[in-house]
Amino acid sequence: MKGQEIRRAFLEFFESKGHRIIKSSPLVPQGDPTLLFANSGMVQFKNVFLGQEDIGTKRATTSQKCLRVSGKHNDFENVGRTPRHHTFFEMLGNFSFGDYFKQDAISFAWEFVTEVIKLPKERLCVSVYEEDDEAFELWQK
Numbered sequence: 593m594k595g596q597e598i599r600r601a602f603l604e605f606f607e608s609k610g611h612r613i614i615k616s617s618p619l620v621p622q623g624d625p626t627l628l629f630a631n632s633g634m635v636q637f638k639n640v641f642l643g644q645e646d647i648g649t650k651r652a653t654t655s656q657k658c659l660r661v662s663g664k665h666n667d668f669e670n671v672g673r674t675p676r677h678h679t680f681f682e683m684l685g686n687f688s689f690g691d692y693f694k695q696d697a698i699s700f701a702w703e704f705v706t707e708v709i710k711l712p713k714e715r716l717c718v719s720v721y722e723e724d725d726e727a728f729e730l731w732q733k
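This is the structure we're talking about:
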């Protein structure tokens, strides 16, 4: 699949699960002096997570333009300077604002990668944070 096909499939899949498609916010966040660039998909929802804004939906999905050039998310050290790698990318995301949690998030992710884009289950490997017993148990199902 091409990138455009994956993006469209992702957004349409989560829209079918009740998520509202929200366009990418600007690469330079408006009104946020803590960030020079949007470095992840959740940046535009920062005020929603902090309880300072209501966007009128409990579920959202995005393809967020991101740039990582310094700080905690500095990809230069991981990638190195090469003519083949960039630190600009689009991050696909699905977000729940108090509507669902791990069980649905895991189920949605598995359904998308195995049924929509049809990655072979036997070639997938799941990792879970070592202290997250709930997610571990959900993946065991």
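Residue numbers (the working numbering): 593 to 733.
Every residue, glycine too, gets a C-beta built ideally from N, C-alpha and C.
For clarity, every value in this text was computed on a predicted model and none was experimentally measured.
task = With distances taken Cα to Cα, identify the nearest neighbour of A652 among T626, L619, L603 and S632.
result = The count along the sequence shown starts at 1 and reaches residue 652 at position 60. If we check each option's Cα against that of A652, L603 comes out closest.
message = Just verifying my parser: in three-state terms, what is the DSSP assignment at E723?
response = Numbered from its first residue, the sequence shown carries residue 723 at position 131. For E723, the secondary structure class from DSSP, reduced to helix, strand or coil, is coil.
message = Please tell me whether I657 and F680 are closer than 9 Å, where the distance is taken between their beta carbons.
response = Locating residue 657 in the sequence shown gives position 65, counting from the first residue. Locating residue 680 in the sequence shown gives position 88, counting from the first residue. One point to set straight first is that residue 657 is Lys, not Ile, in the sequence displayed. At the C-beta level, K657 and F680 come within 9 Å of one another.
task = Go through its chain and collect everything with a Cβ distance to S688's Cβ below 8 Å, but skip five positions before and after it.
result = Indexing the sequence shown from 1 puts residue 688 at position 96. Excluding residues within five positions, the ones whose Cβ falls inside 8 Å are K650, R651, D696 and A697.
key: A601 versus S655, R715 and V718, residue with shortest Cα-Cα distance   = For this step, residue 601 is matched to residue 9 along the sequence shown. Closest in alpha carbon position to A601, among S655, R715 and V718, is S655.
Inter-residue CB distance, R599 and L711 (contact presumed, cutoff 8 Å) = The residue given as residue 599 occupies position 7 in the sequence shown. The residue given as residue 711 occupies position 119 in the sequence shown. The Cβ separation is near 16 Å, so there is no contact.
ask   = When you compare each of A727, I614, F637 and A701 to Q622 by their alpha carbons, which one comes out closest?
value = The residue labelled residue 622 in the question sits at position 30 within the sequence shown. Of the residues A727, I614, F637 and A701, the one whose Cα lies closest to the Cα of Q622 is F637.
message = Taking the alpha carbon of D691 as the reference point, which residue from L619, V635, L627 and G648 has its own alpha carbon closest?
response = Walking along the sequence shown from the start, residue 691 turns up at place 99. Checked all of L619, V635, L627 and G648; the closest Cα to D691 is G648.
request  = Report, in whole angstroms, the separation of the C-beta atoms of S617 and V635, which I expect to be a contact under 8 Å.
outcome  = On the sequence shown, residue 617 is found 25 positions in, with the first residue counted as 1. On the sequence shown, residue 635 is found 43 positions in, with the first residue counted as 1. Yes, they are in contact, since the Cβ atoms of S617 and V635 sit about 7 Å apart, within 8 Å.
request  = Could you say which of I709, A701, K713 and E714 lies nearest to A727 if we only look at CA atoms?
outcome  = Residue mapping note: residue 727 aligns to position 135 of the sequence shown, counting from 1. Nearest Cα to A727 within the set I709, A701, K713 and E714: A701.
message = For E714 and T706, what's the separation of their Cα atoms in angstroms?
response = Counting from one through the sequence shown, the residue named residue 714 turns up at place 122. Counting from one through the sequence shown, the residue named residue 706 turns up at place 114. C-alpha separation (whole angstroms): 10 Å.
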